[in-house]
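Chains as they are written, first to last, in the working numbering: chain A, 1 to 255; chain B, 1 to 255. From the three backbone atoms N, C-alpha and C, an ideal C-beta is built for every residue, glycine too.
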């Protein structure tokens, strides 16, 4: 007879501050037996749930992290597997489903969270609003040529663009290279913004032109926003209108 | 002497269910004097905050809605101006900053929420994971030619794609037209998914190929996901790997 297996809930915890969690994300952690994930994220929440078993792993051990969490669930425990931001955006929700093929009977649920594109946009004002594209500048698992192509296509399509992983210890010049590619298509005066330490101490926003951004050095805690052709600076905010109609009262279905 | 002006907080309330709110979104409504917004969204939350003044407006009165909310704040009241999903994604955060130029002294804050791209992705499994583009198929404020161009660029860049407003009362054939454009570049067997009534009663997910999706009729409560070249179907889930490396253990910075 089969033992009852546990449930694995993949939880996006947002940018880090507890008040940017959703109620269902909190409840998943409150109701689980085990909190699992990358140790930096686990450390953000463990004090709020002192009675939980903690299973944390170091950086770059993503598959091992998924296996450990699924082993816990297969042994009958309910697991909250946490990721920063949203687990479905540069997070581990996908890898969990891949690895979970080896763990039949473990139920998987994904609880969405506020990814840096949204939390960073709120800090800057309203830089996205309309169609936009997310692009990671990390070439660890994506060839740089693919990243370049996406930058060009996003610029050619007049998308607002959010850049994740604009810098790393090993590759400090990625943002500069990305700006140079974008400047093949976009003008120097395109409105851009950066947000550092979203939702954490030392949160900081800056507005630039794309020409200026090319010479800015950012760290790995920074998210970068490139406006579309309509994006403007209003005071210290970066604001994109909802469409191309000039009259403000023209109407547009919200979603 | 100036009277003290109120604060206007633009609040993304997520897909509708109260447990998909963030704690800070809830607190903004709890602490305000006035809850303002489109009547459908106001109705979702008013029972939870029975002592608040309510200022709600009909559809397509977006600028009037912003003016009313800003008038309340200018009169010294703290206002929670609510949008579904995230106010910075096809919402009114941008218009608030534009209209607020006529209301100096009113402080504006934006609180992010879970937009349909994220909440819908969680229902489908993990269809985004890596770089993706959001495109609205509404041509109320964007020329259809611009929408077509963005569809082509997103397909050419191998972005996963999320389609907002895939259908409306007046334009039922937009999704079909979009699929035909995408099929100029993408194969018939590209994995796609739809989510209807995200986070609400009757929530429903479906997985299709792009060839099948062309012949599917969806309503305005549906969000559509088009996979990238790596997206696969795993059981009843739509899953995109994190990159192009085949080995699962290759590592990738999370964000």
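- prompt: Is it true that the segment 176-194 of chain B meets the segment 202-214 of chain B, where meeting means three or more beta-carbon pairs spaced less than 8 Å apart?
  reply: yes
message: In the DSSP assignment, the alpha helix (DSSP H) including residue 41 (chain B) goes from what residue to what residue?
response: 39-45
- prompt: Between the Cα of residue 18 (chain A) and the Cα atoms of A:240, A:241 and A:198, which residue gives the shortest distance?
  reply: A:198
task: Report the option in A:54, A:230, A:98 and A:99 whose CA atom is closest to the CA atom of residue 38 (chain A).
output: A:54
query: Cβ atoms of residue 84 (chain B) and residue 13 (chain B): under 8 Å apart, would you say?
result: yes
task: Sort A:106, A:115, A:32 and A:21 by Cα distance to residue 5 (chain A) and report the nearest one.
output: That would be A:106, whose Cα lies nearest to the Cα of residue 5 (chain A).
task: With DSSP as the reference, please indicate the residues paired to residue 4 (chain B) in a beta bridge.
output: In the DSSP output, where bridge partners are listed per residue, residue 4 (chain B) has none listed.
query: What does DSSP give as the partner residues of residue 163 (chain B) in its beta bridges?
result: B:135 and B:224
- prompt: Taking only beta-carbon atoms, is residue 122 (chain B) less than 8 Å away from chain A?
  reply: yes
- prompt: Among B:70, B:91 and B:118, which residue has its Cα nearest to the Cα of residue 194 (chain B)?
  reply: B:118
task: Hey, could you find the ends of the beta strand (DSSP E) residue 32 (chain A) is sitting in?
output: Run containing residue 32 (chain A): none; DSSP gives neither H nor E here.
query: For the segment 67-96 of chain A, which residues have a CB atom closer than 9 Å to at least one CB atom of chain B, in sequence order?
result: The segment 67-96 of chain A vs chain B, Cβ under 9 Å: 83, 84, 85, 86, 87, 88, 89, 90, 91, 92, 93, 94, 95 and 96.
task: Within its chain, find whatever has a CB closer than 7 Å to the CB of residue 20 (chain A); leave out the 5 residues flanking it on each side and keep chain order.
output: 14, 114, 119 and 199.
message: I want to see whether chain A comes within less than 8 Å of residue 163 (chain B), judged by CB atoms only; does it?
response: no
- request: Can you check DSSP and say which residues form a bridge with residue 10 (chain A)?
  value: A:81 and A:110
query: Where in the segment 187-227 of chain A do unbroken runs of the alpha helix (DSSP H), each at least 4 residues long, occur, reported from the N-terminal end onward?
result: As summarised for the segment 187-227 of chain A, the continuous alpha helix (DSSP H) elements at least 4 residues long and confined to that stretch are 210-213, given in chain order.
field: Local conformation of residue 117 (chain B) per DSSP, three classes
entry: Helix at residue 117 (chain B).
task: Under the assumption that residue 225 (chain A) contacts residue 121 (chain A) (Cβ atoms under 8 Å), give the Cβ distance between them as a whole number of angstroms.
output: Yes, they are in contact, since the Cβ atoms of residue 225 (chain A) and residue 121 (chain A) sit about 7 Å apart, within 8 Å.
task: Verify the CB distance criterion: does residue 142 (chain B) have a CB-CB separation below 8 Å to chain A?
output: Yes, because at least one Cβ of chain A sits closer than 8 Å to the Cβ of residue 142 (chain B).
message: Using a Cβ-Cβ cutoff of 8 Å, what residues of the segment 18-35 of chain B are near chain A? List them in chain order.
response: 18, 19, 20, 21, 22, 23, 24, 26 and 27
task: Tell me, please, which residues DSSP counts as bridged to residue 56 (chain B).
output: According to DSSP, residue 56 (chain B) bridges with B:37.
- prompt: CB-CB under 8 Å to residue 254 (chain A), same chain, minus the five flanking residues each way: which ones, in chain order?
  reply: Any reading at residue 254 (chain A) must be qualified, since the residue scores a pLDDT of 37, below 50, and its modelled position is unreliable; the value itself is stated next. Cβ neighbours of residue 254 (chain A) beyond the five flanking positions: none.
message: So the candidates are A:157, A:202 and A:227; which of them puts its Cα closest to the Cα of residue 188 (chain A)?
response: Taking only the C-alpha atoms, the option nearest residue 188 (chain A) is A:227.
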